[in-house]
Amino acid sequence: VRVLWYLLAVMFAVILVASLPGYVQRVDSIPHAGEVVSEVSVTTRITNLVGVVFSIAAGLVSFGLAWALFHSKSQERMALFLSFYLLAYGLTMTGVLEAFFYSLPQLNGDHAIQLQTILLTTPTIALFALLPDGRFVPGWTRGLVLFSIPITFFSLWQTSTGLLSATSSTAFALAALSYVLLFGLTIYAQVHRYRRVSSPVAKQQVKWVAFGLCIWVALISVSSVPYMYVINLPPGTPPPVWISLSSTLWWLSQLVLPLSLSVAVFRYRLYNIDLIINRTLVYGLLTGSTVLLYMLVVGTLGVIFQSQGNLVFSLFATGLVAVLFHPMRQSMQKWVDRL
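Numbering (the working numbering), first residue to last: 323 to 661.
Right, here's the structure in full:
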């Protein structure tokens, strides 16, 4: 197992170095469009460069945390498995493999996504079935891990062969339903373990993982909305300037999960996760509420007075938000404390 880990680590390092030319090309490309163009604006280049830095940082952080877990806790089965998982995650999810394929004309992003599916689906199901102590609880979670293997290869076969149009939608729906069932049952197993089986120490570890997972899902959900908008634009339509910001947010989000998983193993005792969750909920809800309130006020006034982009409306909405900010924070803080 140790020899295998070192071989994978060397492969990771080689691919990371070989991906650097692809990262250089990405700086001068339009995000999600793929082509390298000469008229990319300075703003796009800067945000692309920031995204590249976040992508490389996420890969290096995943590699470094995998190395730390392997060399300090490899005698623990869960830590050893997590070190392997972080190597696969750092290679496929943080953009390293995509940048490596970016500079190879015979390969493209679709191949990277297929490798993500192969390398991460079953290990992710296994990871959340085993957390935090390396035991399958409940016992039927072993079946989920085994069931994920044929589902993974079925979805890959359905994607690569392009089934007849009459059956492709049915096959896609079946694959999607299988994934929802897999991950839904895995989450249910973690809830069951947390409520019925876990010790206080294990509960702290699970909270760290759940916290990181929620932040990760929230960030990738926000950054995926602009992506879905761009890929549905008519051919030849230039992507908006702000699209590079969503790409940068995506690569930033890939740092969250490795950090939370490692804290759950290494340093969960040193930080009060309940306080962190409390503050995150309060200020996350507060941010969303103030933005929504501002948009509602400006939009409503614009409709009533048939005027858009009016500075007076913006100032009025800003003042209203400022007046209501403190009462909103207090009420949300009470609700989150009770929760």
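Ideal Cβ positions, reconstructed from N, Cα and C, are used throughout, including at glycine.
As assigned by DSSP and simplified to three states, the class of residue i
| i | result |
| --- | --- |
| SER351 | strand |
| ASP659 | helix |
| ASP596 | helix |
| THR489 | Annotation note: pLDDT 48 at THR489 (below 50); position unreliable, no value reported. |
| GLY461 | coil |
| ARG589 | coil |
| TRP564 | coil |
| LEU577 | coil |
| MET333 | helix |
| MET400 | helix |
| PRO454 | coil |
| VAL372 | helix |
| TYR328 | helix |
| SER653 | helix |
Whole-Å CB distance - residue i paired with residue j, under 8 Å assumed
| i | j | result |
| --- | --- | --- |
| GLN424 | ARG348 | Contrary to the premise, residue 424 reads as Tyr rather than Gln in this sequence. Indeed they touch by this definition, with Cβ atoms about 6 Å apart. |
| PRO454 | ALA524 | 5 Å |
| THR508 | PHE469 | In fact, because the Cβ distance is near 11 Å, the residues do not count as touching under 8 Å. |
| SER575 | PHE533 | Wrong, their Cβ atoms sit about 14 Å apart, outside the cutoff. |
| SER384 | PRO580 | 5 Å |
| ALA380 | LEU577 | 5 Å |
Neighbourhood of residue i by C-beta, 6 Å cutoff - its chain only, sequence neighbours within 5 removed
| i | result |
| --- | --- |
| VAL513 | none |
| THR443 | SER470 and THR474 |
| LEU623 | PHE635 |
Contacting residues, own chain, Cβ-Cβ under 7 Å from residue i (five flanking each side not counted)
| i | result |
| --- | --- |
| THR369 | SER566, LEU567 and THR570 |
| ARG399 | GLY456 |
| ILE447 | LEU466, VAL467, SER470, LEU504 and THR508 |
| SER545 | SER568, LEU571, TRP572 and SER575 |
| PHE491 | Here residue 491 turns out to be Ser, not Phe, going by the sequence shown. So no residue of the chain qualifies. |
Neighbourhood of residue i by C-beta distance below 8 Å, restricted to the same chain and skipping five residues each side
| i | result |
| --- | --- |
| ASP659 | ASN600 |
| VAL519 | VAL459 |
| LEU478 | GLN436, THR439 and ILE440 |
| LEU615 | ALA639, LEU642, VAL643 and LEU646 |
| LEU661 | LEU603 |
Problem - the segment 389-397 touching the segment 581-600, judged by at least three CB pairs closer than 8 Å - result: yes
Exercise for the section: Decide yes or no for the touch test of the segment 374-384 against the segment 338-348: beta carbon pairs closer than 8 Å, at least 3 of them. Expected result: yes
Practice task
Please determine if the segment 404-419 and the segment 325-344 are in contact, where contact requires at least 3 C-beta pairs separated by less than 8 Å.
Solution key: yes
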